[in-house]
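Inspection log for the structure reproduced underneath, given as structure tokens.
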Amino acid sequence: MRKFGRSLKKSLHPQPGGLTSFQALCTSLAARVGSGNLAGVTLAIAAGGPGAVFWMWVSALLGMASSFAECSLAQLYKERDSRGQFRGGPAWYMARGLGMRWMGVLFSILLLLAYGFIFNTVQANSVAHALRYAFDLPAAVSGGVLAVVVLLAILRGLRGVARLMQWIVPFMALLWIATSLLIGLWHITALPTIFATIFRCAFGWQEAAAGAVGYTISQALTSGFQRGMFSNEAGMGSSPNAAAAAASWPPHPAAQGIVQMIGVFIDTIVICTASAIIVMLAPRPDNEYTLNGIQDLQHAMSVLVGGWGAGFIASSCCCSPLALS
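Start counting the sequence shown at 718; every next residue gets the next number (this note's numbering).
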């Protein structure tokens, strides 16, 4: 973590024959930052209680290590294609590093199925629900517009997407963090109670007297790790594909690995925590959390800042699939 600032500064250094490390970071962040940071956090709290936030932090710390490993390996085993661009990722180091080409092929097929039919539908579903809640927009309309936007982004190619991401992702992340900070400062007296609740529920101290500590910790841990994985995608094998496309500076595989660790930190430790604070700040009857996902976050934002809060969440959610594309 002490090297994050230095690594970010060096990531802006342009190198011939590939993306800058910063462009690769923004491209991988585009896949990480999305409905997992918004709807996913509210679902984690609803399923596992506020303690799930703590276990999301733990999953992020472990995920930073796995992200470093997978992205460093992507740099180590990358290849240059006929157009002079770098190509690499888990499929490459499975084939070249382990000598198991069949594993690389199988992984590629599974990744294609996961992102083509699962992750994108989750993002689109969150966008549709958010737009309907805020603007009463039919799901068919939002789905059609998303499909066109994704098609246009794909047609731009890797370099075009990377250039777009280096502007959209920082703006989207900074806007959400700044808004959350302002809300947190406005309710600063409630923050100590929120963090105390997170730690207390993470280990079931309150529930221990009722004999439910084992179940409570299990639910919080499971929900935290599941939503943490869905949010930061560390260890899933998607980010190394973007990391391999970078011409890293300094020219060492570990340099890109450290830069990609920053993505996991920003995604889960910073953005997910901001979402959790907003959800927990909003008053609720009997302190109960629902399983409405993105709509629950929109309701919390509307309670805290007024009617524009739901529209702001919907707009942020729309930027996420645009970045993911």
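By construction, the Cβ of each residue, glycine as well, lies at the ideal position given by its N, Cα and C atoms.
The three-state secondary structure of residue 963, taken from DSSP, is strand.
Beta-bridge partners of residue 736 (DSSP): 963. The bridge partners DSSP lists for residue 787 come to none. In its chain, beyond the 5 residues on either side, 787, 806, 807, 824, 828 have a beta carbon closer than 8 Å to the beta carbon of residue 954. Taking 8 Å as the cut-off, the beta carbon of residue 742 is found no closer than this to the beta carbon of residue 987. The residue among 914, 905, 908, 900 with its C-alpha nearest the C-alpha of residue 1019 is 900.
Apart from the 5 residues on each side of it in sequence, residue 859 sits with its Cβ closer than 7 Å to the Cβ of 844, 845, 848 in its chain, given in chain order. According to DSSP, residue 803 shares a beta bridge with 797. Between residue 984 and residue 749, the gap from beta carbon to beta carbon is short of 8 Å.
Between residue 966 and residue 727 a beta carbon distance of about 6 Å is seen, short of the 8 Å cut, so the two are scored as contacting. Judged by DSSP in its simplified three-state form, residue 1027 adopts helix.
Residue environment for residue 857: exposed (fewer than 16 other C-beta atoms within 10 angstroms of its C-beta). Rounded to the nearest whole angstrom, the C-alpha separation of residue 784 and residue 960 is 10 Å.
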